Amino acid sequence: MAELSYRDAVARGIAQEMRRDPSLVMLGEDIAAAGGVFKTTVGLLDEFGPLRVRDTPISEQAILGAAMGAAMTGVPVIAEIMFSDFLAVCFDILANQMAKTRYMTAGQVTVPVVVRTANGGGSRFGAQHSQSVENWTMMIPGLKVVAPSNPVDVVGLMAAAVRDPDPVVFFEHKSLMARKAEIPEGELVDRLGTARVVRPGRDCTIVAVALMVERALQAADELAGDGIEAEVIDVRSLVPLDARTILDSVVKTGRLYTVEENPRLCGWGAEIASIAADEVFWDLDGPVVRIATPHIPLPAADALEDETIPSVARIYETIRRTADQ
Amino acid sequence: MSIEFDPGLIDYAQRPPRLPQPVDPNNDDLPIALETRLELYESQLTLRQFEKRAYDLFLQNLVKGTSHLSLGMEAIAAGFGKAMRRDDYSFATYRGHAHTLARGVPLGPVLAELLGRANGLLEGKGGSMHLTSVEHGMMGSYAIIGAHLTIANGAAWSAQLRGTEQVSVCFFGDGTTNIGAFHEALNLAAVWDLPVVFVCENNLYMEYTPIDLITAVENPAADRASAYGLEPIIVDGNDADAVYVVATEVIDRARRGLGPALVEATTYREQGHSRADPGKYRPVEEVAAWKARDPIPLYHQRLLRLGVPEQDLTTIQQAVAGRVDEATEFAKSGAAPALELAMKDVWADGSAVWRN
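Residue numbers (the working numbering), protein chains in the order written: chain A, 1 to 325; chain B, 1001 to 1356.
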């Protein structure tokens, strides 16, 4: 067992897969010599060389296009888009080309690409370097979407994403980069489409992703002091979605809360709320409640950013206020 | 100060015509084997007769949706198609029928795809704008301007990494030279020395608008080449021999690891942009002059000058016509796609399942 940070786990996961598959390559801005602006790719250039770990110009369309063209001709690729906000610059390649080409060609073309990108707030970077954009990608048929909350999941889900033959968007949370965990020796391979119950409970179900998982857990600890036992589920993989694990929990607890960092409108929690309403309505003891960032661009100042992204206090208070109703 | 309106900015058909250059008489003497020339002739005829048939089928309402024809532009697809190695990669736009057929993709499934039938090339799921046949190196027709230049780079990068000496050839129109992806792709191809050839089919119109009115330079592709350290190359896109010679040279250079090329092939779209467009924005004299420079009669006359008997050319025409008729029967005989197909092939496991 070695203790690794979330950022080191990214490099560990990539290295594990590049050792296994000598055809796997990666590209992105500042990923090679600089080791990435978040230091998530440190050491990869030294181990795998400049042909497999390539720095690119600031050309997000060229990055994702190159990734797609290589992948569809036999070279699997990990592409980095430095900040997830920049996906907007290359959204055509992601949403119209990578996602749709298999379908449009009746299965002739396979696109094994992992698009890694730093997502989420808490860094006081302002509205163009902080947004949580999982929902931008999960609404596109043909894209898989993963957002790990801890270093062990980073390694295992990275392996699962690389080994998946479909395009996978892999969201690395900026505010989790320094979190550490013991990581088992040897190869780690997880499964896409699997949620995890990270805290069992009988009174309500809280589903969360990435940074929101640890906040949900902290809120659950506080709620336990008030006699409310919350079950916390780390969704991990938004597409494919492990709806079964979530619905089973809701049937048990009768209450569902989503904790979402994305702006509220069309956030991932809306889909989960809709599924619950469709399929376990009669098991619910009260309305589904979404705890989300308001429908705003994120502000830069620490006081304002902290006010808008769901906090432990807001999660706790919202559940405390509504759980007995 | 008064502003005077240029009538050509209100009605483009009133602008001075942009007339074609005369054919270079020396092109008769280009060092191309007669056998190759006959293949180029047959290829151009195939593209022409196929698309004329496709147009007839629109008029019968058998082709649904839209379609973008390359009538008048066949020499480019034929010349490059002939110059490519069997395992090279083609990338085309929504105007991709000719580039698909020029790689040897059978006519029947392509026509059936236009008709939305189960025996279509893509089982009816792609349509006219997304023709793809990986087994023929036809890596796709991409219907959003610019994207496929970056994807063609990727295929070239992959060939470079795998050491296969394959070349990626990417066709696009003059309008594409004004979108950002064009510039991102050219720059990356140049700095990575990718084996990719970019072919701008300059047909003088970006959809309904004259390209010169909306482009800062006279030659939309060639005048940008120097920005990426590339040679400006302009070729007569209505002369298959001229295209074939240039194509052979730039593809060979790319194959030998000497990096990318950007070719501007001057041509003319004899019809409108798409099925919905009668093309009324073009000066009448311009259309007439370019039709008089149509690549197929030009090539026919050249072959006669080179001593090919008229009867041999008639035999080729009849063979092509027969194949187009067969393709038409094949396409019309196809059933509608099974409805289950709509829910297939979102993912590599063949399914559309996104949750448990």
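Yeah, the Cβ is synthetic: ideal placement off N, Cα and C, and Gly gets one too. Everything numeric in this text was worked out from a predicted model, so none of it was measured.
Over the uninterrupted beta strand (DSSP E) stretch that includes residue i, give me the two end residues.
{"i": "Leu256/A", "result": "Leu256 to Pro263"}
{"i": "Phe1091/B", "result": "Tyr1089 to Thr1093"}
{"i": "Ala79/A", "result": "Val77 to Phe83"}
{"i": "Phe170/A", "result": "Val168 to His173"}
{"i": "Thr117/A", "result": "Val113 to Asn119"}
{"i": "Thr988/B", "result": "The question about residue 988/B has no answer here: the residues shown for chain B are numbered 1001 through 1356."}
{"i": "Leu27/A", "result": "Val25 to Gly28"}
{"i": "Met138/A", "result": "No beta strand (DSSP E) holds Met138/A; the alpha helix (DSSP H) holding it covers Glu134 to Met138."}
{"i": "Phe1198/B", "result": "Val1196 to Asn1202"}
{"i": "Thr293/A", "result": "Val289 to Thr293"}
{"i": "Thr205/A", "result": "Cys204 to Ala208"}
{"i": "Arg54/A", "result": "Val53 to Asp55"}
Looking only at C-alpha atoms, which of the options sits nearest to residue i?
{"i": "Ala1321/B", "options": "Asp1011/B, Pro1016/B and Arg1053/B", "result": "Arg1053/B"}
{"i": "Glu317/A", "options": "Arg215/A, Ile296/A and Asp278/A", "result": "Arg215/A"}
{"i": "Ala95/A", "options": "Ser23/A, Asn119/A and Met68/A", "result": "Met68/A"}
{"i": "Ala1075/B", "options": "Val1235/B, Pro1260/B and Leu1341/B", "result": "Val1235/B"}
{"i": "Pro310/A", "options": "Ser132/A, Thr322/A and Ala292/A", "result": "Ala292/A"}
{"i": "Ala140/A", "options": "Phe91/A, Glu229/A and Val288/A", "result": "Rather than Ala, the amino acid found at residue 140/A in this sequence is Ile. Cα-wise, what sits closest to Ile140/A is Phe91/A."}
{"i": "Trp282/A", "options": "Arg264/A, Asp306/A and Gly254/A", "result": "Gly254/A"}
{"i": "Val239/A", "options": "Thr194/A, Arg202/A, Ala300/A and Glu260/A", "result": "Thr194/A"}
{"i": "Leu188/A", "options": "Asp203/A, Lys39/A, Val169/A and Arg163/A", "result": "Arg163/A"}
{"i": "Asp1011/B", "options": "Pro1297/B, His1300/B and Arg1282/B", "result": "Arg1282/B"}
{"i": "Pro1031/B", "options": "Asn1219/B, Val1191/B, Leu1114/B and Ala1240/B", "result": "Ala1240/B"}
{"i": "Ala1190/B", "options": "Ala220/A, Pro299/A, Ala303/A and Thr56/A", "result": "Thr56/A"}
{"i": "Ala220/A", "options": "Gly142/A, Tyr257/A and Gly120/A", "result": "Tyr257/A"}
{"i": "Phe1171/B", "options": "Phe1330/B, Val1110/B, Ile1214/B and Ala1247/B", "result": "Ala1247/B"}
{"i": "Ala62/A", "options": "Gly1154/B, Tyr1094/B, Gly1127/B and Thr1164/B", "result": "Gly1154/B"}
{"i": "Tyr1089/B", "options": "Met1073/B, Gln1049/B and Val1134/B", "result": "Val1134/B"}
{"i": "Asp302/A", "options": "Cys266/A, Arg124/A, Lys100/A and Glu185/A", "result": "Arg124/A"}
{"i": "Ile206/A", "options": "Ile315/A, Val37/A and Gln128/A", "result": "Ile315/A"}
{"i": "Val111/A", "options": "Ala71/A, Thr117/A and Tyr103/A", "result": "Ala71/A"}
{"i": "Val1196/B", "options": "Leu1131/B, Glu1218/B, Asn1187/B and Ala1254/B", "result": "Ala1254/B"}
What are the residues that DSSP puts in a beta bridge with residue i?
{"i": "Ser330/A", "result": "Residue coverage of chain A in this structure runs from 1 to 325, which leaves residue 330/A outside it and unanswerable."}
{"i": "Lys144/A", "result": "Val168/A"}
{"i": "Met1138/B", "result": "Ser1090/B and Ser1133/B"}
{"i": "Asp1236/B", "result": "Thr1266/B"}
{"i": "Ile233/A", "result": "Val197/A and Val207/A"}
{"i": "Leu241/A", "result": "Arg1355/B"}
{"i": "Cys1170/B", "result": "Phe1091/B and Phe1198/B"}
{"i": "Tyr1205/B", "result": "Pro1210/B"}
So the alpha helix (DSSP H) residue i belongs to, where does it begin and stop?
{"i": "Ala1077/B", "result": "Glu1074 to Ala1083"}
{"i": "Asn1356/B", "result": "Run containing Asn1356/B: none; DSSP gives neither H nor E here."}
{"i": "Gly1108/B", "result": "Leu1107 to Leu1114"}
{"i": "Pro151/A", "result": "Pro151 to Arg163"}
{"i": "Ile1032/B", "result": "Unbroken run through Ile1032/B: none, as it is neither H nor E."}
{"i": "Met1343/B", "result": "From DSSP, Met1343/B is part of no alpha helix (DSSP H); its letter is neither H nor E."}
{"i": "Leu1121/B", "result": "Per DSSP, Leu1121/B belongs to no alpha helix (DSSP H) and is neither H nor E."}
{"i": "Gln1160/B", "result": "Ala1147 to Arg1162"}
{"i": "Met68/A", "result": "Glu60 to Ala71"}
{"i": "Phe1182/B", "result": "Gly1180 to Val1191"}
{"i": "Gln1317/B", "result": "Glu1310 to Ser1333"}
Apart from the five residues on each side of it in sequence, which residues of its chain come closer than 6 Å, Cβ to Cβ, to residue i?
{"i": "Glu3/A", "result": "Lys180 and Glu182"}
{"i": "Lys1064/B", "result": "Gly1116"}
{"i": "Ile1316/B", "result": "Glu1042"}
{"i": "Ala1363/B", "result": "There is simply no residue 1363/B to check, as chain B begins at 1001 and stops at 1356 in what is shown."}
{"i": "Gln1014/B", "result": "Pro1007 and Gly1008"}
Excluding sequence positions up to five away, which residues of its chain have a Cβ less than 7 Å from the Cβ of residue i?
{"i": "Ala1225/B", "result": "Glu1231, Pro1232 and Leu1262"}
{"i": "Ala1077/B", "result": "Leu1047, Ser1070, Ala1098, His1099 and Ala1102"}
{"i": "Leu217/A", "result": "Val198, Arg199 and Val232"}
{"i": "Val1346/B", "result": "Ala1352"}
{"i": "Glu1207/B", "result": "Gly1175 and His1273"}
{"i": "Glu1340/B", "result": "none"}
{"i": "Ala66/A", "result": "Leu27"}
Looking only at its own chain, which residues have a Cβ that is under 8 Å from the Cβ of residue i, when we skip the five neighbours before and after it?
{"i": "Ala1289/B", "result": "Pro1017, Leu1019 and Pro1020"}
{"i": "Gly74/A", "result": "Ser23"}
{"i": "Ala1335/B", "result": "Arg1117, Ala1118 and Asn1119"}
{"i": "Leu247/A", "result": "Ile275, Ala276, Glu279 and Val280"}
With a cut-off of 8 Å on the beta carbons, I'd call residue i and residue j a contact; round off their distance for me.
{"i": "Thr308/A", "j": "Gly286/A", "result": "Actually they are not in contact, since the Cβ atoms of Thr308/A and Gly286/A sit about 25 Å apart, beyond 8 Å."}
{"i": "Asn1178/B", "j": "Ile1214/B", "result": "7 Å"}
{"i": "Val53/A", "j": "Leu45/A", "result": "5 Å"}
{"i": "Arg236/A", "j": "Val146/A", "result": "7 Å"}
{"i": "Leu1161/B", "j": "Pro1260/B", "result": "Leu1161/B to Pro1260/B, Cβ: 16 Å. No contact."}
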